[in-house]
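Let me begin by presenting the structure, written as C-alpha cells, before commenting on it.
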Amino acid sequence: YQPDGWHQYGPSTGVQRHRGLSYVIAPGFWRADKNEPASPRFSKEEWYSMVQNMVKSNEPFQLIISFNEWGEGTAIESAEEWSSSSGHGYYIDALHDHPTNRQKQPNSDNDDDKKPLISSGG
C-alpha cells in the first residue's frame, strides 16, 4: 500500500501537521554550523507527548525527522545523552510504546497492489 500524499521537510518547528496528508515531528533542530539551536531538543516528556499526538492524528504519513541526522541535530538513534534501560534511548522507546493503530489494507485483485514498493534496481 502506497498512500498518495505529501509532507513538508521543516524540522525547525518541532511539529508540522497538514490535515489529511501528514504529521511530522522532530526532536529539535541545531545545525552543526550554527552557534544556537533553531529549536532546542525536546525533553523526554515532550517527545512522548509529540509521538502520542502524531499517532492519534491518524494521518497517512507519520514521519520523524530524523533517525540519524546528527549534522542537523535531529537524530533519535541511541546515544548517551538520552539513554534508557532498553538500550535504544528514550526517543526510540517512545515510538515503541506508541505503535500506530493503522491497519494493513485489505488484499486486492489489482495487480498494482502486489508490486513491491521498493525496487532493487535492475
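Just so we're aligned, residue 967 is where the sequence shown starts under the numbering used here, counting upward by one.
Even glycine gets a Cβ: it sits at the ideal position worked out from N, Cα and C.
Identity of the residues DSSP links to residue i by a beta bridge
| i | result |
| --- | --- |
| Leu1029 | Val990 |
| Val981 | Ile991 |
| Ser1005 | Phe995 |
Chain-order list of residues whose beta-carbon lies under 6 Å from that of residue i (same chain, five-residue window excluded)
| i | result |
| --- | --- |
| Asn1043 | According to the sequence shown, residue 1043 is Glu rather than Asn. Closer than 6 Å at the Cβ level, and outside the excluded window around Glu1043, lie Phe1033, Asn1034. |
| Gln974 | Gln982 |
| Ser1051 | none |
Closest by C-alpha distance to residue i, when choosing among the options
| i | options | result |
| --- | --- | --- |
| Ala1004 | Leu1061, Ser1052, Ser1051, Thr1040 | Thr1040 |
| Ala1060 | Asn1024, Met1020, Arg997 | Met1020 |
| Ala992 | Ser1051, Glu1046, Pro1006, Gly1053 | Pro1006 |
| His1064 | Tyr1014, Trp972, Gly986, Gly971 | Tyr1014 |
| Ile1031 | Gly986, Gly971, Val990 | Val990 |
| Met1016 | Ile1058, Gly1053, Gly971, Trp972 | Ile1058 |
| Gln1018 | Trp972, Ser1049, His1062 | His1062 |
Sub-8 Å separation of residue i and residue j beta-carbons
| i | j | result |
| --- | --- | --- |
| Phe1008 | Glu1038 | no |
| Thr1066 | Gln1028 | yes |
| Tyr1056 | Lys1022 | no |
| Glu1025 | Ser988 | yes |
Any chain D beta carbon closer than 8 Å to residue i
| i | result |
| --- | --- |
| Ser1050 | Absent here is chain D; the protein component of the structure consists of one chain. |
Sequence-distant residues of its chain with Cβ nearer than 7 Å to residue i (five each side left out)
| i | result |
| --- | --- |
| Gly976 | Gln982 |
| Gly971 | Leu987, Ser988, Pro1026, Phe1027 |
Sequence-distant residues of the same chain with beta carbon closer than 8 Å to residue i, five excluded per side
| i | result |
| --- | --- |
| Arg997 | Ala1004, Gly1037, Glu1038, Gly1039 |
| Gly1088 | With a pLDDT of only 37 at Gly1088, under the threshold of 50, the placement of this residue in the model should not be trusted; the figure read from the coordinates follows. For Gly1088, where only same-chain residues beyond five positions count, there are no Cβ hits under 8 Å. |
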